[in-house]
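Participant:
Number of protein chains: 2
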Amino acid sequence: MDRRIRKTRKAIFEAFIQLLSEKDFAGITVGEIIERADVGRTTFYAHFETKDFLLKELCEELFCHIFDAVSKEKPAHNHIFECDSSDAVFLHLLKHLHKNDNNILKLLSSTNNELISGYFKENLKQLVASQTELLELKKSEKIPDSFRINHIASVFVETVRWWVDNGMKEAPETIAEYFYLSV
Amino acid sequence: MDRRIRKTRKAIFEAFIQLLSEKDFAGITVGEIIERADVGRTTFYAHFETKDFLLKELCEELFCHIFDAVSKEKPAHNHIFECDSSDAVFLHLLKHLHKNDNNILKLLSSTNNELISGYFKENLKQLVASQTELLELKKSEKIPDSFRINHIASVFVETVRWWVDNGMKEAPETIAEYFYLSV
DNA sequence: ATATTAGCGAACACTGTGTTCGTTATCATA
DNA sequence: TATGATAACGAACACAGTGTTCGCTAATAT
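Residue numbers (the numbering used here), protein chains in the order written: chain A, 1 to 183; chain B, 1001 to 1183.
1) Please classify residue 99 of chain A: is it buried, with 16 or more other beta-carbons within 10 angstroms of its beta-carbon, or exposed?
2) Would you kindly work out how many angstroms separate the C-alpha atoms of residue 1119 of chain B and residue 1128 of chain B, rounded to a whole number?
3) Which residue from B:1044, B:1178, B:1089 and B:1042 puts its Cα closest to that of residue 1133 of chain B?
4) According to the neighbour-count rule (16 or more other Cβ atoms, all chains shown, within 10 Å of its Cβ), is residue 146 of chain A buried or exposed?
5) Express the C-alpha separation of residue 44 of chain A and residue 14 of chain A in angstroms, rounding to a whole number.
6) Suppose you measure from the CA of residue 1141 of chain B to the CA of residue 179 of chain A; what does that come to, to the nearest Å?
7) With 8 Å as the threshold, decide whether the Cβ of residue 169 of chain A is near any Cβ in chain B.
8) Three or more beta-carbon pairs under 8 Å between the region 1001 to 1014 of chain B and the region 150 to 162 of chain A, yes or no?
9) Within 8 Å of any Cβ in chain A, is that where the Cβ of residue 1150 of chain B sits?
10) Less than 8 Å between the CB atoms is what I'm expecting for residue 1124 of chain B and residue 1176 of chain B, so what's the real figure, rounded?
11) Do you know offhand how far residue 1183 of chain B's Cα is from residue 39 of chain A's?
12) Would you mind listing the beta strand (DSSP E) stretches within the region 110 to 155 of chain A that are 3+ residues and don't spill past its ends, in chain order?
13) With distance defined between alpha-carbon atoms, name the residue in A:59, A:47, A:55 and A:96 nearest to residue 71 of chain A.
14) Along chain B, in chain order, which residues have C-beta atoms closer than 8 Å to that of residue 105 of chain A?
15) Relative to the C-alpha of residue 1047 of chain B, which residue among B:1022, B:1032 and B:1008 is closest?
16) Three-state secondary structure (DSSP) at residue 71 of chain A?
17) Please list, in chain order, all residues of the same chain as residue 84 of chain A whose beta carbon is under 7 Å from its beta carbon, the five residues on each side excluded.
18) Give the residues of chain B in contact with residue 141 of chain A, contact being defined as C-beta atoms less than 8 Å apart.
19) Nearest to residue 1021 of chain B by CA position, among B:1169, B:1066, B:1108 and B:1029, is which residue?
20) From what residue to what residue does the alpha helix (DSSP H) around residue 1015 of chain B run?
21) For residue 35 of chain A, which option in A:65, A:24, A:144 and A:18 has the closest C-alpha, if you only look at C-alpha atoms?
22) In this structure, does DSSP put residue 80 of chain A in helix, strand or coil?
23) Taking all protein chains shown into account, decide if residue 1121 of chain B is buried (16 or more other Cβ within 10 angstroms of its Cβ) or exposed.
24) Ordered along the chain, which non-local residues of its own chain (more than five positions away) have a Cβ less than 8 Å from that of residue 91 of chain A?
25) Helix, strand or coil: how does DSSP classify residue 1159 of chain B here?
26) What residue range does the alpha helix (DSSP H) around residue 44 of chain A cover?
27) Roughly how many whole angstroms lie between the Cα atoms of residue 12 of chain A and residue 33 of chain A?
28) Looking at chain B, is there any beta carbon in it that lies within less than 8 Å of the beta carbon of residue 178 of chain A?
29) Only counting the same chain, and skipping five residues up and downstream in sequence, which positions put a Cβ closer than 8 Å to that of residue 28 of chain A?
30) Taking Cβ positions, are residue 138 of chain A and residue 1181 of chain B nearer each other than 8 Å?
31) DSSP three-state call for residue 1171 of chain B: helix, strand or coil?
32) Just to confirm my understanding: we take residue 1060 of chain B, look at its own chain, exclude 5 residues before and 5 after, and list those with CB closer than 8 Å. What are they?
33) So the alpha helix (DSSP H) residue 31 of chain A belongs to, where does it begin and stop?
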């Protein structure tokens, strides 16, 4: 891939993340993005159809990255969906979020736009659906699977959001415990 | 209050609700609202500072209405916060939502803007905080109260959202059961 | 070395926002 | 029912943001 393309995409994403950590998605203009990214207006629209598509692509990149990273931290298995313990999967996810090597956390705060947590939740649902152990937990009841999956993913998102909003004082292990006690 | 004021407010709210049931908040323009409401542009801005304030006022009105209605359905108690059973409170809320006499449900769907569920959740948090019985349920654990309150309110919102998205086929009693089993 | 293509900036039409102003119609109330 | 107050009106406005076009320049892959 052309180096110029990589450079502009990176510049735009970084400017966008920076702006998202300062204000709502709705309040961010293309003008602000290209000013921070220091790229031309034409260039922006050559890369992204609209601001919404930029958000979509950013989320895809961020969540791909984090879910990939989590799966690679467990080298015994070649894919996250093959993890033997639900416990380990969600704790790993929390630990990875705790490191915050990408700026994902800033974006998950409740003051920020819900769109991002929406993307996060969609990714989580897939993960949850594969965690049969977790789903079995309250299987005895007559709750439908789709309800359980949505429920567990929502609770995880809300757990992380609470964590971030309260300054992330707790250790990932503590949050994982809260999550397992709640779900 | 001047009849003209009441009439325009009503017309604007109704047009706005109708539009919200069709498309995202972000995609709705003031021009569309005033066209449907059949009021002048000047009039709109005389009533509402911006589109965001309109949403805020609508939510306040809707949620005030529903929480009031729920409290009045239990005439033995003069205020919802004095209900003796958590069970009854949430079931009443679900029953009232099921009737859908105001168009609240359309707005809570996941396809619609998250802003509205946000307002709903804020109202619920107050209610949850007063449901000491419910909070005591898993009190033995070392989970902070603020976590529990946020958790329970979130689960309720997500429960309703799941219900709406799946066509509300279940009875309020069934949904209440799902909720109590999950929370 | 050169053909290709990304990026540039200026200009553009277009849509939506929020305001101003003078006029008309409706209201509360005396 | 007369009257002063005020809500609603439409037209016009400045302004900001969107997304596109065009001709030119500079970086890149081969």
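Note that CB positions come from ideal geometry on N, CA and C, so glycine has one too.
Facilitator: For this structure:
1) Per the 10 Å Cβ criterion, exposed.
2) If you take the alpha carbons of residue 1119 of chain B and residue 1128 of chain B, they lie about 14 Å apart.
3) Checking every option, the nearest Cα to that of residue 1133 of chain B belongs to B:1089.
4) Residue 146 of chain A should be labelled exposed.
5) Using only the alpha carbons, I get a separation of about 13 Å.
6) In a straight line, the C-alpha of residue 1141 of chain B is about 12 Å away from that of residue 179 of chain A.
7) When Cβ-Cβ separations below 8 Å define contact, residue 169 of chain A makes no contact with chain B.
8) The answer is no - the region 150 to 162 of chain A does not touch the region 1001 to 1014 of chain B, with fewer than three Cβ pairs under 8 Å.
9) Closer than 8 Å: yes.
10) That pair is no contact at about 14 Å.
11) Taking the straight line joining both Cα atoms gives about 49 Å.
12) Complete beta strand (DSSP E) runs here, min 3: none at all.
13) Of the candidates A:59, A:47, A:55 and A:96, the one whose C-alpha sits nearest the C-alpha of residue 71 of chain A is A:96.
14) Against chain B, the beta carbon of residue 105 of chain A has no neighbour under 8 Å; the closest one sits roughly 17 Å away.
15) Nearest C-alpha to residue 1047 of chain B among B:1022, B:1032 and B:1008: B:1008.
16) Residue 71 of chain A falls in the helix class under three-state DSSP.
17) Because residue 84 of chain A carries a pLDDT of 47, less than 50, the predicted location of this residue cannot be relied on, and no value is offered for it.
18) The contacting residues are 1181.
19) Residue B:1108 is the option with its Cα nearest to residue 1021 of chain B.
20) 1003 to 1020 is the span of the alpha helix (DSSP H), which, as asked, contains residue 1015 of chain B.
21) Here the closest residue by C-alpha is A:18.
22) Residue confidence for residue 80 of chain A is low, a pLDDT of 43 falling below 50, so the modelled location carries little weight; the figure read from the coordinates is stated next. Reduced to three states, the DSSP call for residue 80 of chain A is helix.
23) Label assigned to residue 1121 of chain B: buried.
24) The residues are 172, 173 and 176.
25) In the structure shown, residue 1159 of chain B sits in a helix (DSSP, three-state: H, G or I).
26) Run containing residue 44 of chain A: 41 to 47, per the alpha helix (DSSP H) assignment.
27) Straight-line spacing of the CA atoms in residue 12 of chain A and residue 33 of chain A works out to 7 Å.
28) The C-beta of residue 178 of chain A comes closer than 8 Å to at least one C-beta of chain B.
29) The residues are 16, 19, 20 and 51.
30) Yes, these two residues count as a Cβ contact at 8 Å.
31) Residue 1171 of chain B: coil per DSSP, three-state reduction.
32) Shown here for residue 1060 of chain B: same chain residues with a beta carbon closer than 8 Å to its own, the five before and five after excluded, namely 1119 in chain order.
33) Start and end: 30 to 37.
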